[in-house]
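Colleague: Quick one: the structure is below, and I'll ask about it shortly.
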Amino acid sequence: MDTPNLSDKTEKKPLNFLEEIIENDLKTGKYKSILTRFPPEPNGYLHIGHAKSICLNFGLAQKYGGKTNLRFDDTNPVKEDVEYVNSIKEDIQWLGFQWAAEYYASDYFEQLYDWAVLLIKKDLAYVDDQTLEEIRQNRGTVTEPGKDSPFRNRSVEENLDLFARMRAGEFKEGDKILRAKIDMAHSNMHMRDPILYRIIHAEHHRTGDKWCIYPMYDYAHGQSDSLENITHSICTLEFDVHRPLYDWFIEKLEIFPSHQYEFARLNLTHTVMSKRKLLQLVKENHVNSWDDPRMPTISGFRRRGYTPESIRNFCDTIGVAKRDNVIDYSLLEFSLREHLNKVALRRMAVLNPLKVVITNYPDNQTEELDAVNNPEDPNAGERKVSFGKEIYIEQDDFMENPPKKYFRLAPGQEVRLRYAYFITCQEVIKDEKGNIIELRCTYDPASRGGNSPDGRKVKGTIHWVSAKHAVKAEARLFDKLFNGINPEEVEEGKTFLDNINPDSLQIQECLLEPALAEAKVMDKFQFERLGYFCADYDFTAEKPVFNRTCTLKDSWSKEQKESEAIK
RNA sequence: UGUCCGAUGGUGUAGUGGUAGCACAGCAGAUUUUGGUUCUGUUAGCCCAGGUUCGAACCCUGGUCGGAUAACCA
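Heads up, this note's numbering is the position in the first sequence plus 136, with the first residue counted as 1.
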């Protein structure tokens with residue numbers, strides 16, 4: 137697929153606050169070049185919110201000639217898995233980015249341990265025997281200071297001994313932890329002797345059973361940044377209150393001073409964005425998989441038919457700032473359509489077929505008509521489509537009693553069959569229940585290709601497939617997974633699951649022009665007047681399966697709905 | 001209730017003491033062999049109150065509202 141250059145429109149964009157910081161750091165010589173990192177925990181699949189972070193971290197590095205590391209924040213073995221590691225790598229690459237180096241926080245466990253020993257020796261860390269509950273109690277509240285642990289003043293020697301024995305596996309989970317010795321009365325709760333290490337007797341997906349003590353996020357993250365000489369450590373807003381601690385470790389350990397900057401995470405209307413909830417949707421089978429096309433995961437969007445370009449452009453368009461935001465889903469779709477419109481080949485397919493017999497067309501005749509592959513791209517060329525006496529059109533394209541300004545087919549009304557002929561509806565055939573089952577039309581042989589030599593105009597052009605040549609296929613039509621702009625906003629006693637849209641997936645048979653049977657998995661098309669579709673992973677030539685990525689903008693049906701609403 | 005962060009059209013995002021701009025969405029029109037695309041026009045905004053200043057979205061003070069934060073998660 138061609139990838140038009142979408143970057144030209146970003147050239148003159150004003151700087152965001154991160155770019156300002158970086159340009160200043162470069163200008164003042166604080167850094168010669170920048171190094172960012174994308175640090176996911178491998179405990180789930182990446183979602184569109186991560187895409188924002190990826191585009192930011194990799195994009196910033198690209199823009200300023202720096203590099204970006206991929207680092208898995210794998211400090212909690214019970215939640216993590218290699219399945220997630222692999223999916224994360226695939227998603228980043230699919231988005232179009234390549235990391236300079238691949239690291240794991242677990243690579244640093246030995247170094248982190250040594251630094252913990254150093255902190256103990258400096259009397260800046262101690263082993264605490266309090267229970268989880270006691271620790272919670274003694275932490276105080278936002279208005280009251282906490283209380284020092286009775287174990288806070290253990291000797292350096294005792295702490296060293298205890299910590300070594302923690303590592304050696306002498307204690308049960310919860311028996312002991314290592315804490316930093318800072319200030320139990322600090323106004324920032326994160327500075328009230330934060331926990332550095334806890335005991336977890338679990339198999340780690342990389343280090344196996346080598347360790348039974350694991351560093352906490354706060355103790356691991358900044359030091360990992362520092363070890364890699366990360367210059368700009370970019371994370372979301374909720375880590376803002378962690379920054380003093382991030383800086384504290386760097387200062388006490390006297391290591392490379394990485395700096396943390398926070399931005400507002402992405403929120404999308406009609407979507408949930410927490411890994412916990414997405415995991416729940418998968419585990420409880422509300423969707424079929426992490427890459428279900430209705431999921432806001434990167435793999436879900438990929439399977440749905442989104443292009444990496446459209447997602448990157450979206451991330452670029454929404455900008456980055458520090459205020460909370462909720463992005464309108466339509467902006468994502470705009471970005472998608474903008475790209476697909478340029479690159480997707482046009483094809484004809486009928487979702488809800490209505491048979492049309494052209495009474496004055498020769499019985500056994502078949503014609504090959506020329507059709508443009510993409511009016512937006514002359515290089516896309518043309519194709520032939522077969523035409524015959526019997527065709528199918530869309531049920532929506534005929535009305536027996538049409539309203540005003542209905543440009544499509546109606547009794548006595550003439551329309552253009554795209555790339556074919558003008559036809560006029562002469563007769564409506566119904567079954568015994570009164571359902572319209574067939575139309576009898578006449579065609580104007582002089583209008584071959586879609587133009588009449590007498591210059592007469594028709595207002596409507598509709599798509600069609602030849603009955604004799606059409607290929608049956610499965611169409612998967614998606615709607616929003618959730619009702620309501622914010623699915624997390626629920627009444628008492630309800631959960632976001634109560635906002636699930638029961639009609640988010642509709643599977644139906646459809647008819648395709650034959651060229652579509654030759655598609656390859658993930659090929660993207662515009663089915664004219666219907667929307668953008670992409671060949672699903674389940675697609676085979678024998679049984680084509682297409683996902684509707686999104687509909688086309690449709691000012692007609694919108695107008696219709698409004699006028700119906702008035703009635 | 002402490003600390004921290006934030007507040008510009010419906011939604012995002014610029015503007016850093018001198019005419020509030022851009023995108024999406026909306027609306028209206030033109031073009032169109034997709035009721036698509038494209039093009040044109042248009043509706044709509046500085047949280048409030050004081051202060052500094054010739055001049056404030058921007059600086060100061062005080063409020064208000066929203067968010068984060070009190071896991072042995074990240």
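C-beta: ideal position from N, C-alpha, C; glycine also.
1) So P291 is in the beta strand (DSSP E); what residue range does that whole segment cover?
2) Between R288 and D319, is the Cβ-Cβ spacing less than 9 Å?
3) Residues in its own chain within less than 7 Å of S588 by CB, not counting five upstream and five downstream?
4) Less than 9 Å between the C-beta atoms of D532 and N571, yes or no?
5) With distances taken from CA atoms, which of F632, V462, D615, D427 is nearest E402?
6) What residues are listed by DSSP as bridge partners for V508?
7) Would you tell me roughly how many angstroms separate the C-alpha atoms of P650 and P638, rounded to the nearest one?
8) Under 9 Å, do I527 and K491 count as touching if we go by C-beta distance?
9) Under DSSP, the alpha helix (DSSP H) around G667 begins and ends at which residues?
10) Do you know how far the Cα of E398 is from the Cα of L171?
11) State the Cα-Cα distance for the pair C371 and Y353, rounded to the nearest angstrom.
12) Indicate whether E243 and H341 have their beta-carbon atoms separated by less than 9 Å.
13) Which runs of the beta strand (DSSP E) at least 3 residues long sit entirely within the stretch 380-407? Give them in chain order.
14) Look up N461 in the DSSP assignment and say whether it is helix, strand or coil.
15) When you compare only the Cα positions, how much space is there between N424 and K694?
16) In angstroms with no decimal places, state the Cα-to-Cα distance between S223 and F245.
17) Quick one: what's got a C-beta closer than 6 Å to A556's C-beta in the same chain, skipping five residues either side?
18) Report all residues from its chain with a CB closer than 8 Å to the CB of L298; omit the five preceding and five following residues, and keep chain order.
19) From G165 to F208, what distance separates their C-alpha atoms?
20) Look at the Cβ atom of N205, then the Cβ atom of I366, and state whether they are nearer than 9 Å.
21) So for E309, helix, strand or coil by DSSP?
22) Taking 6 Å as the limit between beta carbons, can you name the residues of its chain near R412, skipping five residues before and five after?
23) Tell me the residue span of the alpha helix (DSSP H) that contains R430.
24) Based on Cα-Cα distance, which residue from P213, L268, N193, N274 lies nearest to A236?
25) Is any heavy atom in the ligand ZN found nearer than 8 Å to the beta carbon of P498?
26) Only counting the same chain, and skipping five residues up and downstream in sequence, which positions put a Cβ closer than 7 Å to that of P538?
27) Relative to the alpha-carbon of R473, which residue among L254, V214, R684 has its alpha-carbon at the smallest distance?
Modeller: Once the coordinates are examined:
1) Mapped onto the first sequence, residue 291 falls at position 155. It is worth fixing the name first, because residue 291 is Ser in this sequence and not Pro. Unbroken run through S291: none, as it is neither H nor E.
2) As a working note, residue 288 is residue 152 in the first sequence. As a working note, residue 319 is residue 183 in the first sequence. Not closer than 9 Å, so no.
3) The residue labelled residue 588 in the question sits at position 452 within the first sequence. Contacts found: F558, D580, A582.
4) Position 396 of the first sequence holds residue 532. Position 435 of the first sequence holds residue 571. Cβ atoms of D532 and N571: not closer than 9 Å.
5) Here residue 402 refers to the residue found at position 266 of the first sequence. What sits at residue 402 in the sequence shown is Leu, not Glu. Considering only alpha carbons, the answer is V462.
6) Reading the first sequence from its first residue, position 372 is the one you call residue 508. Answer by DSSP bridge pairing, in chain order: E518.
7) Walking along the first sequence from the start, residue 650 turns up at place 514. Walking along the first sequence from the start, residue 638 turns up at place 502. Going by the C-alpha atoms only, they are around 33 Å apart.
8) Taking the first residue of the first sequence as 1, we reach residue 527 at position 391. Taking the first residue of the first sequence as 1, we reach residue 491 at position 355. In this structure, K491 lies closer than 9 Å to I527 by Cβ.
9) For this step, residue 667 is matched to residue 531 along the first sequence. Premise fails: G667 lies in the beta strand (DSSP E), 667-671, not in any alpha helix (DSSP H).
10) Counting from one through the first sequence, the residue named residue 171 turns up at place 35. Counting from one through the first sequence, the residue named residue 398 turns up at place 262. Whole-angstrom Cα-Cα distance: 16 Å.
11) Taking the first residue of the first sequence as position 1, residue 371 is located at position 235. Taking the first residue of the first sequence as position 1, residue 353 is located at position 217. Cα to Cα, C371 sits roughly 13 Å from Y353.
12) As a working mapping, residue 243 is identified with position 107 in the first sequence. As a working mapping, residue 341 is identified with position 205 in the first sequence. The identity of residue 243 in the sequence shown is Asp, whereas the question assumes Glu. No, Cβ-Cβ distance for D243 and H341 is not below 9 Å.
13) 395-399
14) The sequence position of residue 461 within the first sequence is 325, counting from 1. Coil at N461, not helix or strand.
15) Against the first sequence, residue 424 aligns to sequence position 288. Against the first sequence, residue 694 aligns to sequence position 558. Distance between the alpha carbons of N424 and K694 is about 31 Å.
16) Sequence index remark: in the first sequence, residue 223 carries index 87 (1-based). Sequence index remark: in the first sequence, residue 245 carries index 109 (1-based). If you draw a straight line from the Cα of S223 to the Cα of F245, it is about 24 Å long.
17) One-based indexing of the first sequence puts residue 556 at position 420. Only L505, F523 meet the Cβ criterion.
18) Here residue 298 is taken as the residue at index 162 of the first sequence, counted from 1. V263, R290, K312, listed in sequence order.
19) Position 29 of the first sequence, counting from 1, holds the residue named residue 165. Position 72 of the first sequence, counting from 1, holds the residue named residue 208. In a straight line, the C-alpha of G165 is about 30 Å away from that of F208.
20) Residue 205 sits at position 69 when you count from the first residue of the first sequence. Residue 366 sits at position 230 when you count from the first residue of the first sequence. With contacts defined by Cβ atoms closer than 9 Å, N205 and I366 form a contacting pair.
21) For the purposes of this step, residue 309 is identified with residue 173 of the first sequence, where counting begins at 1. Of the three classes helix, strand and coil, the one that applies to E309 here is coil, per DSSP.
22) As a working mapping, residue 412 is identified with position 276 in the first sequence. Excluding residues within five positions, none has a Cβ falling inside 6 Å.
23) Counted from its first residue, the first sequence places residue 430 at position 294. Note, R430: premise wrong, no alpha helix (DSSP H); not H, not E.
24) Residue 236 sits at position 100 when you count from the first residue of the first sequence. A236 has its Cα closest to that of N193, out of P213, L268, N193, N274.
25) No copy of the ligand ZN occurs in the structure displayed, which carries no ligand at all.
26) On the first sequence, residue 538 is found 402 positions in, with the first residue counted as 1. The residues are A546.
27) Numbered from its first residue, the first sequence carries residue 473 at position 337. Looking at the Cα atoms, R684 is the closest of the given residues.
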